[in-house]
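> End of the sequence shown = 540 in the UniProt record's numbering, gap-free, step of one. We put the beta carbon where it would ideally sit given N, CA and C, even for glycine. Keep in mind that this is a model prediction, so the values were computed, not measured. Structure in structure tokens, see below.
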Amino acid sequence: MVPEKVGTYSIQFAFAIDKINILNSEQIVFEVEPNEPTQLMPRILPNTPTVSNAQSVGSRTLVKDLTLVIMDEYKNCTGNDLDGKIIAKIRSSTDKVKDIPLFQGKTDTVEFPFHRGIVEIEDLVLAENSPGRDSTEYILVFEPDIPILNRRLEPYCLPFMFYDGYKKQQQMATLSKERDELSKSITAYRDTFDTTNQLLTEMKRQVQEAETREAQLKDKLKRLRIDIPQTNVLHFACSLLKEKISEREGIMKQPRRTCTCSDYPKDKDVLGKISHLAQIEDNEAAKVISWHLASDMDCVVTLTTAAARRIFDETKGQQQVLPLDSIYRRSLPDWNRPLPHLQNGRNTFKAIGNPVFARNLLTFPEHTENCQTVFGMLLGDAILIDNLDAANHYRKELVKNTHCPALLTRDGERIRSNGKFGGLQNKAPPMDKLRGMVFGAPLPQRCKILSEQIDLLQQYQKAVAWLTNKKADLDFHEQSYNSPEMNKKKKELADQEKRLKAIEQELGMLLTHSLLHDGVGKLTILIISETHSGNLQFHK
């Protein structure tokens, strides 16, 4: 939000990596300028004047020295290019009062020149023996008249008390001054308490948000079979986190199948060699699928033909390349389609040997969509099945109704899509004969679960620490708000409000006395007498 006060401001962004390491942006400096002019206001708010129609000029002075400026709706000075005049006049605060005091010279208006958005009002005095009702509040109105401005500005209105007599004026001036001082003090106290209450409200909201976040993370941990105890929460989370990290590190250090051939340097248009793009968990499946794709394993996949051509030139034609923008995608298989013996949700025959699409055994560490394109083209609808007998049975039944794709068996046999099998060309060699040109194994599923648990435990630790800090801050500020010093201020505020009410009642009683004194009405007197019989008689 744009600040409401005019001036030079700066914005700086901070990224907290943790409590110690914080990255700060450069400061962005900007100027906040005033809005359109809307009102005439004093630079310094004056006290409520009290005047009389006595002979003394000091008793008749409404304004000794007052500077008025044009401001916007947020009380920022503006209108430095505006000239005109200010017309001062007096009006009653109520329609019941018809006697309006006059300025010196027996005039009802006074004009002051207005230049570059500022006007200085000096020695604005009432006329001697001016008309006006005793103990009555009037309003001194300063009306801007600026010809070049196409809209009306709000005038500045200064209430004042008028008294017919010097002694009463002095008495009421003292009360009015005390009332003004009390009003300012009460406003300052209330601002302090309002600010404190706003701070407490905001801190309570932050505590509530932190509690919600902590409860959400606790629920997520519960779904991962981690129950947080009611006590010693941080100690429990810290100990369990160390345990989970140690277990994950132990799993990651365990030997697992990897592709030992070097990958091609990657960039924005180079995904890498096919042997490094996918992983297979099962050893037998990895062996037979890696052998089935042996001629493609060293191929480098690129996003563009231009990148493929660059690699071809750099390796003098020795490196196989496959640009994705040259693949005819309409011939690619649907990655999620059912096996061919399953149609419309039912078996066309009873398959044996646990058939599965070979592509469904692949997992992709990254570039999933592009990898599905590559392996969808290379593997097609090739199916992995337990053994050769199961594969022959599957093919024999399937070709009765439709085409049969290549079949790979978990023990290393292959039946080509044309039905040919047997021979060294269709028999996978032992794993060590593949010379490392084999798909690597992904991390165990347990490692994935541990990573999720570790991530949530770390988040939970931070959430609990954040909640603890917010609660501590809230407790500190609540204790401060209820401290003896603040209670003393609350009592001072209550005393000042009581005194202000008494002063306003006193001023109001004097004003009411003046109105009754000048009013016209009808008086009825009842005379009550007692007869000899004891009855009361009323006489109007």
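#1: Return helix, strand or coil for Pro255, following the three-state DSSP convention.
#2: For Cys447, which three-state DSSP category applies?
#3: Kindly identify the DSSP beta-bridge partner or partners of Arg346.
#4: Looking only at its chain, what residues have a beta carbon closer than 7 Å to the beta carbon of Gln12, apart from the 5 residues adjacent to it on each side?
#5: So does Ala237 have its beta carbon nearer than 7 Å to some heavy atom of the ligand MG?
#6: Which ranges would you report for the alpha helix (DSSP H) in the region 30-70 if only whole runs of at least 4 residues count?
#7: Measuring alpha carbon to alpha carbon, tell me which residue in Asn197, Ala286 and Glu73 is nearest Val438.
#8: Compute the distance between the beta-carbons of Gly440 and Lys427, then report whether it is under 8 Å.
#9: Count the other CB atoms, across all protein chains shown, that sit within 10 Å of the CB of Met71; report buried if there are 16 or more and exposed otherwise.
#10: For Lys19, which three-state DSSP category applies?
#11: According to DSSP, is Asp518 part of a helix, a strand, or is it coil?
#12: If you check the beta carbons only, do Arg179 and Glu504 fall under 8 Å apart?
#13: Rounded to a whole number of angstroms, what is the C-alpha to C-alpha distance between Gln206 and Lys470?
#14: Starting from residue 570 and walking both ways along the beta strand (DSSP E), at which residues does that stretch end?
#15: For the region 382-410, list the alpha helix (DSSP H) runs that are entirely contained and at least 4 residues long, ordered along the chain.
#16: Which of the three DSSP states is assigned to Lys75 in this structure?
#17: Between Thr67 and Pro42, which are expected to be in contact by the criterion C-beta below 8 Å, what is the C-beta distance as a whole number of angstroms?
#18: Can you tell me the Cα-Cα spacing of Ala358 and Ala237, whole angstroms?
#19: Assign Asn487 to buried or exposed, taking buried as 16 or more other Cβ atoms, counted over all protein chains shown, within 10 Å of its Cβ.
#20: Is it right to say Asp134 is buried, meaning 16 or more other beta carbons lie within 10 angstroms of its own, or is it exposed?
#21: Taking only runs that begin and end inside the region 90-153, name each unbroken beta strand (DSSP E) of 3 or more residues, in chain order.
#22: Excluding five sequence neighbours on each side, which residues of the same chain lie with their C-beta closer than 7 Å to the C-beta of Phe349?
#23: Rounded to whole angstroms, what's the CA-CA distance from Glu4 to Glu36? Just pull it up for me.
#24: Which stretch, first to last residue, makes up the alpha helix (DSSP H) that contains Thr368?
#25: Which stretch, first to last residue, makes up the alpha helix (DSSP H) that contains Phe13?
#26: For Asp145, tell me which candidate among Val125, His115 and Phe160 has the shortest Cα-Cα distance.
Taking the coordinates as given:
#1: coil
#2: helix
#3: Gln343
#4: Asn24, Ser25 and Gln27
#5: Ligands in the displayed structure: none, and consequently the ligand MG is not present.
#6: 57-60
#7: Ala286
#8: no
#9: buried
#10: coil
#11: With a pLDDT of 45 at Asp518, under the threshold of 50, the modelled position of that residue is not reliable, and no figure is offered here.
#12: yes
#13: 7 Å
#14: Examination of residue 570 is not possible in this model, given that the chain is present from 1 through 540 alone.
#15: 388-398
#16: coil
#17: 7 Å
#18: 42 Å
#19: exposed
#20: buried
#21: 109-114, 118-125 and 136-145
#22: His341 and Glu397
#23: 13 Å
#24: Thr368 to Leu379
#25: Where Phe13 is concerned, there is no enclosing alpha helix (DSSP H), given that its DSSP letter is neither H nor E.
#26: His115
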